[in-house]
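Comments concern the structure below.
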Amino acid sequence: MGNVSPLFVLTFQGGIVVVAFAAMLLFGIKIDSGGMTTVAAVIWGTLGGVGTYIVLLALTRVDAFFPGQLQQHVSELRAFARSFSYPMIVALSALAGVGEELLFRGVIQGGLSGVLTQPVAILVAALLFGAVHYLSSIYFLIATLLGVVLGVAYAVSGSILVVMVWHGVYDLTAMVCLRRFPGLFDSR
74 MGNVSPLFVL TFQGGIVVVA FAAMLLFGIK IDSGGMTTVA AVIWGTLGGV
124 GTYIVLLALT RVDAFFPGQL QQHVSELRAF ARSFSYPMIV ALSALAGVGE
174 ELLFRGVIQG GLSGVLTQPV AILVAALLFG AVHYLSSIYF LIATLLGVVL
224 GVAYAVSGSI LVVMVWHGVY DLTAMVCLRR FPGLFDSR
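Each residue of the sequence shown is one higher than the one before, counting from 74 in the working numbering.
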């Protein structure tokens, strides 16, 4: 990850929000709540985000899933998280949740589901999501699987807000834990 300026990262994530909204307008993609109330979407998204983090943390304890390859990335992510203040972590998590989910689930998955089957649209959006989060093959796999989970959650709920909150809460939980509890991923 190198030394990336927190301001650059926030600006980049803000740019994704702008690109996603522009693509929605350009292609006439409508975003729906799926009939879910805002409170329900926030609750489900929060449970999903924290739950996904707990599952990933548990899986890192099993050598068969991540045979030591993840440790270098965790070290880089720790340094990345330490470069942000807590208010910046909240802002980054919110922007990532909104922008990336509007783009990958709303625009890409939503747009493709009109011409492809829903499972194929979910898979394509998840693969693209994994590709833009590529740090290594194992990190690509983790991000792609997270993209599938978010894609299925979007397809089932019909609510973009659920996956925005889910993604944002997941990122927030991960960044705060990496900063506050840096050894969490170390002990097996």
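Beta carbons are placed, not taken as given, at the ideal position from N, Cα and C, and that holds for glycine. Note that this is a predicted model, so its numbers are computed, not measured.
{"Query": "Specify whether the region 227 to 239 and the region 212 to 219 touch according to this definition: at least 3 beta carbon pairs, one from each stretch, less than 8 angstroms apart.", "Result": "no"}
{"Query": "When you compare each of T111, G121, T190 to G246 by their alpha carbons, which one comes out closest?", "Result": "According to the sequence as given, residue 246 is Thr; it is not Gly. Checking every option, the nearest Cα to that of T246 belongs to G121."}
{"Query": "Would you mind sorting A172 into buried or exposed? The rule is 16 or more other CB atoms within 10 Å of its CB.", "Result": "Before going on, a small fix: residue 172 reads as Gly here, not Ala. With 16 or more other Cβ atoms within 10 Å, it is buried."}
{"Query": "Give the single residue among V147, R178, L234 whose Cα lies nearest to the Cα of C250.", "Result": "V147"}
{"Query": "By Cβ distance, which residues of its chain are closer than 6 angstroms to L257, with the 5 residues on each side in sequence left out?", "Result": "C250"}
{"Query": "Enumerated in chain order, which unbroken segments of the alpha helix (DSSP H) with a length of 4 residues or greater are wholly contained in the region 83 to 148?", "Result": "111 to 132"}
{"Query": "Cβ of A93 within 8 angstroms of Cβ of L176?", "Result": "yes"}
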